[in-house]
Structures are given as C-alpha cells and as structure tokens.
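Residue numbers (the UniProt record's numbering): 1 to 421.
To start, the structure itself, in structure tokens.
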C-alpha cells in the first residue's frame, strides 16, 4: 500500500510520487478504483496482497485482525456453520470481496455479526414509501420508489450476511404483522441467498400501506431487545408524515436501551429528501451504538468531504459499513466525521500494516478536505478550516479518542455550539 512507483523503505520520502500508477499496478482489473484516482489502493484478496509485496520488493504485513479473520475461514467448525469446506469458503469469500472491492481488513468486522442472536430488518411500509426515490432503473427506465430502494438495499446486505454463521434473521414491516424468519438450515451461502431473494420479492409484492406509520413495532424492538442480542436495521424514508413527537419518542427509546452494545441500531435512509433524514443523522451523532447511512453515492460524497480523497470508500466498503458500523463506535461509525483515523485504525480497516509514507498521504488528504467543501457562514466549518492537525500523534496512538488534538478540537466545536445558544 505504499505510494511510490519505485521500491522504497519506510523512510517517509515523497509519499505522493506515482501514487495512481502504483494503485493501478497492484489492483489491475480486479479492483480498479478509476472513479477515485487519489484513493489508497484496495487489497481485497491474497492475490492483491502478493502483488503488493512483489511490486515493492518488501513484505507488507497483514493487520492482526485480518490474520484472525483468515484463520476463521480455515476453521472447520466455522466453515461448517456457513455450509462450506474451508478451501471453498476462502475462494467464495475472496470472490465476493473482489466483486465489491471490499478491503480485506473488513472481513473481521463482518464476522462480528455472528455474535448476535438476531439480525432484525424492519421495513417502513407507510404510505410515503410509495414516493419517488429520485433515481431511474437502468433496465426498465422507470423511476425507483423508496419502496424499491429498500428492497434493493436489503438484498445487497444479505449477500454478505450469507457468509456469516448467523443465528436468526427476521424481516418485518413497520405496520403489518407479517414477517420472514430465516435460520441457516444447512444451506450454503448461494442457496440461502437464492431462497431469501425469492421470499423478499414475494414479501415486497404487496406495496406500502395507505396509513401513517405506526411506531410501536420499532419501539418494542428497541426496548425489548435487551432480552437477546439484537442488531436492528431500520430501512425508512424518515417517515415525513409522522409527528415530531414520534421522532422524539424514538430518540428517547434509543437513549434508554439498557445495553446499547448488545443492541446496535442502524438507520438506512431510503429517501432523496435531506430534511426527512436529518433527525436520524442527529440521533446517530449523539446516541451510542447508532448509525445512519444514505445510499452509496450520497455517502461517498460525505466521506470524501469529511475524511478526504485518500479513503478508498468503495461500494463494498459502504455495504460493510451499513451492516456493522453501529457495532464499532471507534472506527467505522466515525467514517463521516471530520476527525482523522489513526494509523492503527486505518491498518485494521484496510487489512494491511501501512508504511509511514502511505499513512501521511492519507493524513494530508484529510487535512485538504477540511479546507474544502465548507460553508463560510457555518461555525463548525470555520473550526474545521482553522484547526491545525499534526500526524505524529496519530502515528503512535491506537485510537483517535485518545488524542489530545481530538480533545481540543471537540472542545472548540462545543464552544461554538454554546455561543450559538
């Protein structure tokens, strides 16, 4: 993951030289990042990893968490729970990660889903979900609705969940009593996914109801979730026809969860109306173990604005964030915040122990982002532009929350908020 076209040591010399050429070299046709020419390269499989070390003439160590995940894919018991033998498990998982350009470091994060008793997907089926999503289906040329967006997002996520030894998956509607319940039943990932997609298509065949949203279902999940370890995913347009009181009560229910770490909540916004998702973004910014994600195009722009163009935020990176970010408040949950990742955190996410030159390239891109895409009259953006970040501390410490700079930065943001009343 070095950034020079010639072989070099970790002396930090000229980290920007030839970056794009290097990226193209070791990724080739498997994981091209043509739409992100300034991003660090993505290692999605062991072939990418071998090319990387071969090109630079030096060994790039895998992150420890990546080594752990790869050992799991060779464990007979783990693979049997997924329905594969170890050799096939590795090949199929590498194909999936390569297809979606997922950094290999996120494999360990994905496997964290096995720790939950239930993965619960709640679908908003209130009348506003019939509205246009603002995009067009490339095949039918018809406008997508928020309803079809929710169905497509659910299918994308299940493609990854299929490779996790999950206990139980539940899919239910916000307003209707019908639900889907899946267990593995000895099905390998492709067979499980085929069955699940067929059931989802039938499940969504009856469109949204012509009623306002009912909140009891979501509240019950949030409050009763402590009886089991439940990861909750709520696919919604933000319920614009709900009362502000309902939004407030949901916010309070999130705060009252007795064990947030065991009951993470993810809002998956299925709307092109920014105002309708603001309350979910607000909740995700203050509620522990709670995140909000828009579609890939919108989120990619947010990540670039917050973290800079060095982060290789691929579609696969986005899908993993949607699935597991609420479980990881110290890294994936912070993807859209204007606080730099430490080298240790970036190593873990990308799966490779970066050299110092490569980390400094990311850090420089982060600092550039703080100077761009900012509104002149926004007090928070003024803090972003004026704050001076130094990389040395982030090369040493394990997590950004331990940084003195982050402490000072957050204090300045709080001071600005206080002055605004």
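Glycine included, C-beta positions come from ideal geometry on N, C-alpha and C.
Since the structure is predicted, the reported quantities are computational estimates derived from the model, not experimental observations.
- As computed with DSSP, residue 267 is found in a beta bridge with 234, 292.
- In the three-state reduction of the DSSP assignment, residue 83 falls in the coil class.
- Here residue 364 is not near residue 236, since their CB atoms are 8 Å or more apart.
- Rounded to the nearest whole angstrom, the C-alpha separation of residue 201 and residue 66 is 35 Å.
- The beta carbon of residue 339 sits closer than 6 Å to the beta carbons of 400, 406 from its chain, once the five residues preceding and following it are set aside; these are given in chain order.
- Scanning the region 172-215 from its first residue to its last, the whole alpha helix (DSSP H) runs of 4-plus residues come out as 189-203.
- Per DSSP, the unbroken beta strand (DSSP E) holding residue 143 starts and ends at 143-145.
- Taking the Cα of residue 174 as reference, the smallest distance to any Cα among 100, 146, 219, 185 is reached at 219.
- Under the rule that a run must span 3 or more residues, the beta strand (DSSP E) segments found entirely inside the region 126-161 read 132-136, 143-145.
- Going by beta carbons, residue 268 and residue 234 fall inside the 8 Å limit.
- Under the three-state reduction of DSSP output, residue 383 falls in the helix class.
- Around the beta carbon of residue 307, a 10 Å sphere encloses 16 or more other beta carbons of the protein chains shown; the residue is thus reported as buried.
- Our two residues, residue 194 and residue 391, have alpha carbons roughly 47 Å apart in a direct line.
- Going by beta carbons, residue 413 and residue 380 fall inside the 8 Å limit.
- Under the DSSP assignment, residue 40 falls outside any beta strand (DSSP E); it carries neither an H nor an E label.
- Counting every other CB atom within 10 Å of its CB across the protein chains shown gives residue 284 a total of 16 or more, marking it as buried.
- Boundaries of the beta strand (DSSP E) around residue 118: 118-123.
- In the DSSP assignment, residue 323 is bridged to no other residue.
- Of the candidates 141, 122, 139, 263, 122 places its Cα closest to the Cα of residue 150.
- In the DSSP assignment, residue 279 falls within the unbroken alpha helix (DSSP H) covering 274-286.
- Scanning 299, 294, 334, 311 for the CA closest to the CA of residue 286 turns up 334.
- 295 is the residue among 169, 310, 305, 295 whose C-alpha sits nearest the C-alpha of residue 320.
- In the three-state scheme derived from DSSP, where H, G and I count as helix and E and B as strand, residue 354 is classed as coil.
- For residue 73, no alpha helix (DSSP H) run applies, since DSSP gives it neither H nor E.
- CA-to-CA, the gap between residue 192 and residue 94 works out to about 18 Å.
- Residues of the same chain with a CB within less than 7 Å of the CB of residue 108, apart from the 5 flanking positions on each side, are 65, 66, 68, 69 in chain order.
- Counted as a single uninterrupted DSSP element, the alpha helix (DSSP H) harbouring residue 405 occupies residues 404-419.
- Within the same chain, and ignoring the five residues on either side of residue 102 in sequence, the residues whose Cβ sits closer than 8 Å to its Cβ are 42, 44, 96, 314, 316, 317, 319, 320.
- For the 8 Å CB-CB criterion, residue 209 and residue 132 do not form a contact.
- The three-state reading of DSSP puts residue 169 in strand, counting E and B together.
- Residue pairing by DSSP places residue 62 opposite 352 in a beta bridge.
- Contact between residue 231 and residue 260 does not hold, since their C-beta atoms are separated by about 11 Å, which reaches or exceeds 8 Å.
- Per DSSP, residue 256 lies in no alpha helix (DSSP H) segment and is marked neither H nor E.
- Residue 184 and residue 81 do touch by the CB rule: their CB atoms are close to 7 Å apart, below 8 Å.
- Less than 8 Å separates the beta-carbon of residue 39 from that of residue 312.
- Scanning its chain for C-beta atoms nearer than 8 Å, with the 5 sequence neighbours on each side dropped, one finds around residue 203 the residues 171, 178, 180, in chain order.
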